[in-house]
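K.L.:
For reference, the structure I am asking about is given below.
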Amino acid sequence: MIENPLSMIAVMALVTLLLRTLPFILFQKRRPFTLIEDLGAWLPYAMMGMLVVYCLKDLPSVAMTHAFLQIGCVMLVVLLQVWKRNTLFSIVLSTLCYMILLPFC
Amino acid sequence: MKREVIRQAWGKTIPVMAGYLVLGMGFGILMKAKGYGMGLALLMSVFVYAGSLQYAAVSLFSSSANLWMAAMTAFMVNARHLFYGLSMLKRYRGAGWKKLYLMHALSDETYSLVCNGAPSNVTDPHAYYFYVSLFDQLYWVIGTLCGSLLGTIIPFDLAGIEFSMTALFVTVFVEQWISVKEHRPALIGLGVSALCLLLFGKDNFLLAAMVLICIWLCAIRKRLRQKEALK
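So the protein sequences, as listed, match chains P and W. When we follow our numbering, the leftmost residue of the first sequence carries the number 20, and every step to the right adds one. When we follow our numbering, the leftmost residue of the second sequence carries the number 10, and every step to the right adds one.
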């Protein structure tokens with residue numbers, strides 16, 4: 020039998036909220052130990068690397084040309100960002116490139 | 010003063026806008042296609058507000074999944090949010106009533122914007138974080154609304170626009186790389202995730218990658234701190 024979508028949404032909302040609030044609840048009053056503080060300081064750098072890989076998670080399974088397009092456009096973002104340091108400019112230009120070339124892949 | 014904060018926040022969220030509108034729309038269309046109306050779709054975008062989980066949920070609804078499976082899926086897909094919270098402990102401290110919403114709205118993209126801190130000319134950083142979070146979720150909800158309304162008819166071809174998300178993460182990665190001399194955490198994040206992707210496949214690698222990244226960072230944290238102190 021199929022569960023009521025409403026109750027499933029409630030469960031998923033609750034679990035997600037719990038994951039998002041738990042660190043704040045645990046360390047609201049007492050200072051987190053240095054281990055947690057160190058993790059908090061360095062995790063953003065590692066997490067952003069992880070998110071980049073997450074966005075490219077289809078690379079191993081897509082067609083070769085498509086994979087090259089993705090890698091090429093990621094390299095374009097890096098170059099543009101290092102060159103101009105303008106986030107919006109890098110994103111718009113590389114996304115346009117990707118959209119224009121995608122039909123040929 | 011307040012308008013200035015809103016303007017700043019809006020400017021920073023523009024890169025997220027395109028991606029969220031389109032992905033939100035995709036979610037609305039998918040829900041509609043599977044026979045779920047606008048009400049349920051909006052409910053999810055407001056209260057669950059987690060892109061990949063919402064997409065995964067659509068297939069859960071139509072299978073014979075139970076509540077336990079829904080909870081497990083939510084945990085696996087969103088466990089990374091535990092770590093986002095950890096690195097925002099200090100920034101969100103003392104945010105008062107705004108904090109409840111700040112915690113709920115800490116999505117991937119919002120995290121990538123707020124974890125770099127507020128612009129230096131912003132006097133009330135909590136207000137800035139609040140508006141960044143609010144704008145991002147608004148884009149997502151508006152996208153969902155449009156998707157539900159449009160159904161399967163899209164006026165123009167938007168294929169490939171999802172790359173804007175990838176580009177956003179890459180620009181944040183580059184900015185972070187330029188801002189510190191200590192590059193090991195960034196390299197560990199990239200390397201471990203790529204390795205786990207190859208080993209465990211794209212549906213299962215996130216949790217393994219997170220655990221390994223945390224263990225590795227804990228193991229080398231003493232050396233990391235020394236190097237930072239040298240800077």
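In this text, a Cβ means the ideal position worked out from N, Cα and C, and glycines have one as well. Computed from a predicted model, the values in this text were never measured in an experiment.
Could you name the residues of the same chain whose beta carbon sits closer than 7 Å to that of L95(P), not counting the 5 residues immediately before and after it, in chain order?
P.N.:
Taking the first residue of the first sequence as position 1, residue 95(P) is located at position 76. Here the set comprises S113, C116.
K.L.:
Give the secondary structure of D57(P) by DSSP, where H, G and I count as helix, E and B as strand, and everything else as coil.
P.N.:
Position 38 of the first sequence holds residue 57(P). In the three-state reduction of the DSSP assignment, D57(P) falls in the helix class, which pools H, G and I.
K.L.:
Step through the CB atoms of chain B and report whether any lies within less than 8 Å of the CB of V81(P).
P.N.:
The structure shown has no chain B; the protein chains it does contain are P and W.
K.L.:
My understanding is that S71(W) touches K43(W), with C-beta atoms under 8 Å, so please give their C-beta distance in whole angstroms.
P.N.:
Here residue 71(W) corresponds to residue number 62 of the second sequence, with the count starting at 1. Here residue 43(W) corresponds to residue number 34 of the second sequence, with the count starting at 1. Contact flag correct, Cβ pair sits at about 6 Å.
K.L.:
With DSSP as the reference, label H3(P) as helix, strand or coil.
P.N.:
Residue 3(P) is absent from the structure shown; chain P starts at 20 and stops at 124.
K.L.:
Take the Cβ of S121(W) as the centre, count every other Cβ of all protein chains shown within 10 Å, and call the residue buried at 16 or more, exposed below.
P.N.:
Counted from its first residue, the second sequence places residue 121(W) at position 112. Under this definition S121(W) is a buried residue.
K.L.:
Which chain W residues are close to K76(P), counting only those with a beta carbon under 8 Å from its beta carbon?
P.N.:
The residue labelled residue 76(P) in the question sits at position 57 within the first sequence. Residues of chain W passing the Cβ test: L206, K211, F214.
K.L.:
Does DSSP put I229(W) in a helix, in a strand, or in coil?
P.N.:
Taking the first residue of the second sequence as 1, we reach residue 229(W) at position 220. It is coil, neither helix nor strand.
K.L.:
Using a Cβ-Cβ distance under 8 Å, would A18(W) count as near chain P?
P.N.:
Here the question's residue 18(W) lines up with position 9 in the second sequence. No, A18(W) lies away from the interface with chain P (no Cβ there is under 8 Å from its Cβ).
K.L.:
Does chain P have any CB closer than 8 Å to the CB of L95(W)?
P.N.:
Position 86 of the second sequence, counting from 1, holds the residue named residue 95(W). Judged by the 8 Å Cβ criterion, L95(W) is in contact with chain P.
K.L.:
Taking Cβ-Cβ distances shorter than 8 Å, what residues in chain P pair up with F84(W)?
P.N.:
Indexing the second sequence from 1 puts residue 84(W) at position 75. Those within 8 Å of F84(W) in chain P are V34, L38.
K.L.:
Could you check what DSSP says for M20(P) in three-state terms: helix, strand or coil?
P.N.:
Here residue 20(P) is taken as the residue at index 1 of the first sequence, counted from 1. Any reading at M20(P) is ruled out, since the residue's pLDDT is 44, under 50, leaving its predicted position unreliable.
K.L.:
Just checking: is the beta-carbon of S173(W) within a distance shorter than 8 Å of some beta-carbon in chain P?
P.N.:
The residue you call residue 173(W) lines up with position 164 of the second sequence. Chain P, which has a Cβ nearer than 8 Å to the Cβ of S173(W), makes this yes.
K.L.:
Does the distance from the C-beta atom of L95(W) to that of I44(P) stay below 8 Å?
P.N.:
Within the second sequence, the letter at position 86 stands for residue 95(W). Within the first sequence, the letter at position 25 stands for residue 44(P). With contacts defined by Cβ atoms closer than 8 Å, L95(W) and I44(P) do not form a contacting pair.
K.L.:
When burial is assigned at 16 or more other CB atoms within 10 Å of the CB, is P24(W) buried or exposed?
P.N.:
Along the second sequence, read from residue 1 onward, the residue named residue 24(W) stands at position 15. So P24(W) counts as buried.
K.L.:
Do A176(W) and M118(P) have their C-beta atoms within less than 8 Å of each other?
P.N.:
Position 167 of the second sequence, counting from 1, holds the residue named residue 176(W). Position 99 of the first sequence, counting from 1, holds the residue named residue 118(P). Cβ atoms of A176(W) and M118(P): not closer than 8 Å.
K.L.:
Any contact of the stretch 85-103 of chain P with the stretch 197-213 of chain W, i.e. 3+ C-beta pairs under 8 Å?
P.N.:
no
K.L.:
Pick out the complete alpha helix (DSSP H) segments inside the stretch 130-170 of chain W, 4 residues or longer, and give them in chain order.
P.N.:
134-159
K.L.:
Need the endpoints of the alpha helix (DSSP H) that N87(W) sits in, please.
P.N.:
Stepping through the second sequence from its first residue, residue 87(W) is reached at position 78. Looking at the DSSP string, the run of the alpha helix (DSSP H) that includes N87(W) is 76-87.
K.L.:
Nearest CA to the CA of Y101(W): which residue from L233(W), L62(W), S142(W), A66(W)?
P.N.:
Sequence index remark: in the second sequence, residue 101(W) carries index 92 (1-based). Out of L233(W), L62(W), S142(W), A66(W), S142(W) has the C-alpha closest to the C-alpha of Y101(W).
K.L.:
Can you tell me which of T35(P), L25(P), G68(P) puts its alpha carbon nearest to the alpha carbon of L204(W)?
P.N.:
In the second sequence, the residue the question calls residue 204(W) occupies position 195. Comparing Cα positions, the closest option is G68(P).
K.L.:
The alpha helix (DSSP H) with W194(W) in it runs from where to where?
P.N.:
Taking the first residue of the second sequence as position 1, residue 194(W) is located at position 185. Reading off the sequence, residue 194(W) comes out as Pro, not Trp. For P194(W), the enclosing alpha helix (DSSP H) has its first and last residue at 193-209.
K.L.:
Taking 7 Å as the cut-off, is the beta-carbon of R100(W) closer than that to any non-hydrogen atom of the ligand ZN?
P.N.:
With respect to small molecules bound, the structure shown includes none, and the ligand ZN cannot be examined in it.
K.L.:
So, are the CB atoms of T153(W) and G33(W) less than 8 Å apart?
P.N.:
What you label residue 153(W) is simply residue 144 of the second sequence in a count that begins at 1. What you label residue 33(W) is simply residue 24 of the second sequence in a count that begins at 1. Against a cut-off of 8 Å, the Cβ pair of G33(W) and T153(W) comes out as a contact.
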